[in-house]
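Below is one structure; the comments refer to it alone.
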Amino acid sequence: MQAYRANLLYFKPAGDPRQSAVFESDGLLVVGPNASGTQMVLAVGAWQALRPRFADVPVQHFKDRIIAPGFVDLHSHYPQSNVIGSPAEGLLPWLENYTFPEEKRFAAPDYCAQAASFFIAELLRNGITTALTFATSHPASVTALFQQALQQRLRLITGLCLMDRHAPPELLNQPSRPGGLDATEQSLIDTEALLQQWHGVDRLGYAITPRFAPSCTQAQLRGAGELAARYPEVWIQSHVAENHDEIAWARALFPASRSYLATYADFGLMRQRAIYAHCIHLDDDDRALMRSTGAAAAVSPTSNLFLGSGFFDYAGADRAGFEYGLASDVGGGTSFSPFHTMLGAYYVAREGQSKTGLSLSPQHLWWQHTAGAAQALGLAGVVGNLLPGCEADFVVLNPQATPLLSRKTALAGSLDELLFSMIVLGDDRLVEKTVISQNHGAINAAPASPPGR
Ligand code: GUN
Ligand code: ZN
Numbered sequence: 044m045q046a047y048r049a050n051l052l053y054f055k056p057a058g059d060p061r062q063s064a065v066f067e068s069d070g071l072l073v074v075g076p077n078a079s080g081t082q083m084v085l086a087v088g089a090w091q092a093l094r095p096r097f098a099d100v101p102v103q104h105f106k107d108r109i110i111a112p113g114f115v116d117l118h119s120h121y122p123q124s125n126v127i128g129s130p131a132e133g134l135l136p137w138l139e140n141y142t143f144p145e146e147k148r149f150a151a152p153d154y155c156a157q158a159a160s161f162f163i164a165e166l167l168r169n170g171i172t173t174a175l176t177f178a179t180s181h182p183a184s185v186t187a188l189f190q191q192a193l194q195q196r197l198r199l200i201t202g203l204c205l206m207d208r209h210a211p212p213e214l215l216n217q218p219s220r221p222g223g224l225d226a227t228e229q230s231l232i233d234t235e236a237l238l239q240q241w242h243g244v245d246r247l248g249y250a251i252t253p254r255f256a257p258s259c260t261q262a263q264l265r266g267a268g269e270l271a272a273r274y275p276e277v278w279i280q281s282h283v284a285e286n287h288d289e290i291a292w293a294r295a296l297f298p299a300s301r302s303y304l305a306t307y308a309d310f311g312l313m314r315q316r317a318i319y320a321h322c323i324h325l326d327d328d329d330r331a332l333m334r335s336t337g338a339a340a341a342v343s344p345t346s347n348l349f350l351g352s353g354f355f356d357y358a359g360a361d362r363a364g365f366e367y368g369l370a371s372d373v374g375g376g377t378s379f380s381p382f383h384t385m386l387g388a389y390y391v392a393r394e395g396q397s398k399t400g401l402s403l404s405p406q407h408l409w410w411q412h413t414a415g416a417a418q419a420l421g422l423a424g425v426v427g428n429l430l431p432g433c434e435a436d437f438v439v440l441n442p443q444a445t446p447l448l449s450r451k452t453a454l455a456g457s458l459d460e461l462l463f464s465m466i467v468l469g470d471d472r473l474v475e476k477t478v479i480s481q482n483h484g485a486i487n488a489a490p491a492s493p494p495g496r
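Residue 101 in the working numbering sits at position 58 of the sequence shown, and the numbers go up by one each step.
Listed below in structure tokens is the structure:
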């Protein structure tokens, strides 16, 4: 067992996410292994109250620091670190001119390995301990990321990017060999093989990953939906309703569906554990579909502002009652930093809802990137919080990290003022340490060999 003394920030298990944060000045966080050896939170609360119960447990004191849950990033692209900050007249030219050329480089396993190690290091530097992320259409890109996430014990979910049309030929899923299975069938076989190999290994998860409807044939979406039905415990990730040109294209390709979003439902790709990036241009029927299927939105504000895609409608989402959480969407997004993403979400809510003048509370912003994002993934009570029973992933924040942060946070007269100062002024410098739950037992079923392709 190990205990950490510091100021603590965490979230009540239920209630209004706008005001569910708990701040314990001079608190104690006690962690210890569960039956399989994974470090879990055993107790959280005031130092004074908890110390007698854990008098024999060694304590590490982070004086004047804040221990908070590790951040949960609901959507990003690990192959797009180099694409950050590539200007374009919207999503489709950005994909064509910057993103697809970079993703082609992942045909080389060495390139995948160095990109995976850079990406994971950036997540950790920025305090992200759980991530749902895209790989490319190359099976080796999935393997490279899983292997490195396993080494670092990151809670990471990824999957083979499904795209069997409307992309450069090198990026389309490839047939196994000339005269063998066609590319679409092979992409589904590769998906199932990777899923069986990696899902549930230690803290790793698999996500069935159709890039977006325009890049997939009906046969590929149908196959993906069949896999989603056969493996209800795995995740699904895709994009929807991000950009007007994209939407028009999706509507032209799938005219039988009621809407772009409904296309995914028609192929069995909307259910719990399905995370759709963006969800900007939805109507009320779409929002009701999100709610009734249990799918969740990955709100990606820095990406939406950078690419000029539009503004997520928070009021509409709350009216319908569907789940959502925050995402960096690197490399459409401009930063790995959860602080930048939370600030972007604040701007989006202010500007996008100017008629109603919606201001997201700092507690709600923080919740969306921790406990709320975990809930969207179906991992409430597992990650994204510091309540007993959660995996012991946390960040140590230094509110004195920069002269301005130090000056401003010292003036905070309330929890909301303190959180807002960090959201507005924070970046990777605020994150002094990222602690990942360790495992001192045997790791379940680590793969013996890399997949054949
Ligand atoms: N839609 C399809 N692919 C992508 C992508 O890589 N990034 C974003 N932002 N939207 C997409
Ligand atoms: Zn994306």
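Heads up, the beta-carbon is just placed ideally off N, CA and C, and yes, glycines get one too.
For residue i: DSSP bridge partner residues
{"i": "Ser119", "result": "Thr176"}
{"i": "Met83", "result": "Gly75, Glu434"}
{"i": "Trp409", "result": "Per DSSP, none; premise fails for Trp409."}
{"i": "Ile109", "result": "Asn50, Leu440"}
{"i": "Val102", "result": "Ala46"}
{"i": "Glu67", "result": "Leu51"}
{"i": "Phe114", "result": "Ile171"}
{"i": "Val474", "result": "Leu440"}
{"i": "Thr201", "result": "Tyr249"}
{"i": "Gly368", "result": "Ala341"}
{"i": "Val467", "result": "The partner list for Val467 (beta bridge, DSSP) is empty, contrary to what the question assumes."}
{"i": "Gln418", "result": "None, per the DSSP bridge assignment."}
{"i": "Ser380", "result": "None, per the DSSP bridge assignment."}
{"i": "Asn482", "result": "Thr81"}
{"i": "Ala320", "result": "His282, Ala341"}
{"i": "Ala89", "result": "Gly70"}
7 Å Cβ shell around residue i - same chain, five flanking residues per side excluded
{"i": "Lys55", "result": "Ser63, Val65"}
{"i": "Gln418", "result": "Glu366"}
{"i": "Glu235", "result": "Leu270"}
{"i": "Leu461", "result": "Thr452, Ala455"}
{"i": "Arg496", "result": "Residue placement at Arg496 cannot be trusted, given a pLDDT of 48 that sits under 50; the coordinates are not used to answer."}
{"i": "Asp225", "result": "Pro218"}
{"i": "Leu408", "result": "Met385, Ala388, Tyr389, Ile466"}
{"i": "Ala416", "result": "Val115, Leu117, Gly368, Leu369, Gly427"}
{"i": "Pro494", "result": "Low local confidence applies: a pLDDT of 46 at Pro494 is under 50, so the model's placement there is unreliable, with the coordinate-based value given in what follows. Once the five neighbours on either side are set aside, the close Cβ partners of Pro494 are Pro182, Thr186, Ala236, Leu237, Gln240."}
{"i": "Gly133", "result": "Asn286, Asp288, Leu350, Gly351"}
Reference residue i, options the options, closest by Cα
{"i": "Pro275", "options": "Ala267, Asp225, Gly88", "result": "Ala267"}
{"i": "Phe379", "options": "Leu52, Ser124, Asp69", "result": "Ser124"}
{"i": "Ala183", "options": "Phe149, Thr201, Asn216, Glu460", "result": "Phe149"}
{"i": "Ala49", "options": "Ala151, Gly222, Leu93", "result": "Leu93"}
{"i": "Pro136", "options": "Arg393, Val438, Gly375, Trp409", "result": "Gly375"}
{"i": "Ala23", "options": "Glu434, Ser402, Gly395", "result": "Residue 23 is absent from the model: the chain starts at 44 and stops at 496."}
{"i": "Pro431", "options": "Asp59, Pro60, Ser68, Pro76", "result": "Pro76"}
{"i": "Asp107", "options": "Ser68, Arg294, Phe97", "result": "Ser68"}
{"i": "Ala388", "options": "Ser79, Arg168, Ile466, Ala159", "result": "Ile466"}
{"i": "Ser219", "options": "Gln229, Gln194, Asp245, Leu199", "result": "Gln229"}
{"i": "Gly128", "options": "Gly368, Val373, Pro95, Pro344", "result": "Val373"}
{"i": "Asp471", "options": "Asp59, Pro381, Leu369, Arg254", "result": "Pro381"}
{"i": "Glu213", "options": "Leu468, Leu199, Phe143", "result": "Phe143"}
{"i": "His209", "options": "Ala178, Ser258, Tyr141", "result": "Ser258"}
{"i": "Met206", "options": "Leu175, Arg198, Gln261, Ala174", "result": "Gln261"}
{"i": "Leu117", "options": "Pro446, Glu394, Pro344, Leu458", "result": "Pro344"}
{"i": "Phe177", "options": "Ile200, Leu369, Ala158", "result": "Ile200"}
{"i": "Val474", "options": "Gly113, Ala57, Trp90", "result": "Gly113"}
{"i": "Ala423", "options": "Leu52, Arg334, Ala57", "result": "Ala57"}
{"i": "Ala291", "options": "Arg273, Asn441, Ser404, Tyr303", "result": "Tyr303"}
{"i": "His282", "options": "Val126, Arg254, Asn140, Pro130", "result": "Arg254"}
Cut-off 8 Å between Cβ atoms - residues of its own chain near residue i, not counting five sequence neighbours on either side
{"i": "Arg330", "result": "Gly359, Ala360, Arg362, Ala363, Phe365"}
{"i": "Ser492", "result": "No answer about Ser492 holds up, because its pLDDT of 45 lies below 50 and its placement is not dependable."}
{"i": "Ala489", "result": "At Ala489 the pLDDT is 47, less than 50, meaning the model places this residue with poor confidence; the figure from the coordinates comes in the next sentence. Excluding positions up to five away in sequence, the list reads Leu193, Val244, Asp245."}
CB-CB length for residue i against residue j, believed under 8 Å
{"i": "Ser180", "j": "Cys204", "result": "5 Å"}
{"i": "Val87", "j": "Leu429", "result": "5 Å"}
{"i": "Glu477", "j": "Val438", "result": "Sequence check: residue 477 is Thr here, not Glu. Indeed, because the Cβ distance is near 5 Å, the residues count as touching under 8 Å."}
{"i": "Glu285", "j": "Ser352", "result": "5 Å"}
{"i": "Cys322", "j": "Ala340", "result": "4 Å"}
{"i": "Ile514", "j": "Leu138", "result": "Nothing in the structure corresponds to residue 514, since the chain is present only between 44 and 496."}
{"i": "Gly484", "j": "Ser79", "result": "5 Å"}
Own chain residues within Cβ distance below 6 Å of residue i, not counting five before or after
{"i": "Met313", "result": "Tyr307, Thr336, Ala338"}
{"i": "Gln481", "result": "Gln82"}
{"i": "His104", "result": "Arg48"}
{"i": "Ala46", "result": "Leu71, Val73, Phe97, Val100, Val102"}
{"i": "Ile279", "result": "Ile251, Ala271, Leu312, Ala317"}
{"i": "Phe349", "result": "Thr377"}
{"i": "Tyr249", "result": "Gly202, Leu238, Trp241, His242, Val277"}
is_contact[residue i, chain C] using C-beta, thresh 8 Å
{"i": "Tyr53", "result": "The chain labelled as chain C is not found in the depicted structure, where only one protein chain is given."}
Heavy atoms of the ligand ZN versus C-beta positions, residues under 5 Å
Ala320, Asp372
message = Can you tell me which residues fall inside 6 Å of the ligand GUN, judged by beta-carbon distance to its nearest heavy atom, and keep chain order?
response = His120, Leu134, Leu138, Thr142, Arg254, Phe255, His282, Glu285, Ser346, Asp372, Gly375
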